[in-house]
Amino acid sequence: MELAYAINPYVSATAFYDYGRVKLRHSPYVDGTKNSVHLHGGGIGIKGQYKKFFAETKLAFAGKNADLVDVRKSRQWSLKVGYQF
124 MELAYAINPY VSATAFYDYG RVKLRHSPYV DGTKNSVHLH GGGIGIKGQY
174 KKFFAETKLA FAGKNADLVD VRKSRQWSLK VGYQF
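Those letters in the sequence shown? Residues 124 to 208, by our numbering.
Now the structure itself:
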């Protein structure tokens, strides 16, 4: 889910949240080992557009109880820049 707020006609701020569940093995082990992983997290971003140019950046964080994730190392930053023909 992503929410956006228009700061002005060219720039908007965003906030987002994601949740997912993954099945690890088609046939789970008999010993009772966990066979699924739950991941969740959220983040913030900002995007802008002027004429045919656009730019977007986001900063994401893993949730505190996300399985198999070291929360201290669970940040991601992205930047997207482009031109629309």
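Note that the Cβ used here is the ideal one computed from N, Cα and C, for glycine as well.
Cβ distance (whole Å) where residue i is taken to contact residue j below 8 Å
| i | j | result |
| --- | --- | --- |
| GLN172 | TYR133 | 6 Å |
Spatial distance of residue i from residue j (CA atoms)
| i | j | result |
| --- | --- | --- |
| VAL153 | HIS163 | 27 Å |
| TRP200 | LEU126 | 18 Å |
| ILE130 | THR156 | 49 Å |
| PHE139 | GLY166 | 5 Å |
| GLY205 | THR137 | 19 Å |
| SER150 | HIS161 | 18 Å |
| LYS175 | GLN207 | 5 Å |
| MET124 | ALA185 | 15 Å |
Reduced DSSP category for residue i - H, G, I as helix; E, B as strand; rest coil
| i | result |
| --- | --- |
| LEU230 | Look at the range of the chain in this structure, 124 to 208, and you will see that residue 230 is not part of it. |
| THR156 | coil |
| SER148 | It is worth fixing the name first, because residue 148 is Arg in this sequence and not Ser. If DSSP states are grouped into helix, strand and coil, ARG148 belongs with coil. |
| LYS203 | strand |
| PHE208 | coil |
Cutoff 6 Å; reference residue i; Cβ partners in own chain excluding five residues on either side
| i | result |
| --- | --- |
| LYS203 | GLU179 |
Counterpart residues of residue i in DSSP-defined beta bridges
| i | result |
| --- | --- |
| TYR128 | ALA136 |
Neighbourhood of residue i by C-beta, 8 Å cutoff - its chain only, sequence neighbours within 5 removed
| i | result |
| --- | --- |
| GLY168 | ALA136, THR137, ALA138, PHE139, GLU179, THR180, LYS181, LEU182 |
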